[in-house]
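Heads up: the sequence shown begins at 2 in our numbering, then just goes up one per residue.
Beta carbons: idealized from backbone N, C-alpha and C, even for Gly.
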Amino acid sequence: LLDLRRRLETGITEWKAKHNAELVAFLSGNDPGAVIGLDETLARLQRKEIRALVVAQDLEASLHRCAKCGWTDRSADPVCSRCGGKRKAETLREILPELAGIYKVDVEVVGGRGAERLNKAGGLAGWLRRSEAARFKEAAASRP
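Encoded structure:
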């Protein structure tokens, strides 16, 4: 039983590493349905354009969040450019779970080679929500 468990754990670990690398490679491949990079992904998340996030496991980023409107970005300005409110420093690790909940997005954390590649591109990526026009077009094209 212990031998079976070890083999399963090894297989799962190998699959996860391969999956992470393939996922990041796909995101990095100029897909119009994806966005990559911390600043762009964070901005689009807050504009409700992201449906799922992919984050590098070891990503460390300092962010600033407005106490008044909640807008979050990497700008070190103590005053929010959107509403003039005061901003507070937080880490991505502290704030990402809350942002994911607010904007109702899933978060996948990648490690290994996938995280290395994603970190080179900013450490954060996202899948874009399809527009209503795109959904209508797809539905119309699939009808006989």
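Is it the case that the Cβ atoms of residue i and residue j are separated by a distance below 8 Å?
i	j	result
L100	L39	no
G112	N21	yes
V36	L97	no
A53	E109	yes
A57	N120	yes
Output the distance between the C-alpha atoms of residue i and residue j, rounded to the nearest integer angstrom.
i	j	result
D107	L2	34 Å
K87	K69	7 Å
A77	L93	14 Å
L5	R66	48 Å
E15	L9	10 Å
T11	R131	37 Å
G34	R48	15 Å
G71	L24	30 Å
K105	V55	14 Å
D32	R114	20 Å
E95	E61	10 Å
G85	P79	9 Å
R7	R118	28 Å
K89	C81	10 Å
Residue i and residue j look like a contact to me (Cβ under 8 Å); what is the Cβ gap, rounded to whole Å?
i	j	result
S29	A122	6 Å
D59	A18	Not a contact, Cβ separation roughly 15 Å.
L125	T73	Contact flag wrong, Cβ pair sits at about 12 Å.
Beta strand (DSSP E) containing residue i: first to last residue?
i	result
R202	The chain is shown only over 2 to 145; residue 202 falls outside these bounds and no answer can be derived.
L125	L125 to L129
On the DSSP letters alone, give me the boundaries of the alpha helix (DSSP H) that residue i sits inside.
i	result
K121	G113 to K121
Compare the C-beta of residue i with all C-beta atoms of chain B and state if any pair is closer than 8 Å.
i	result
E95	Absent here is chain B; the protein component of the structure consists of one chain.
### Query
Where are the alpha helix (DSSP H) runs, 4 residues long or more, that stay fully inside the region 30–90, in chain order?
Taking only runs of at least 4 residues, the alpha helix (DSSP H) segments lying wholly in the region 30–90 are 39–47.
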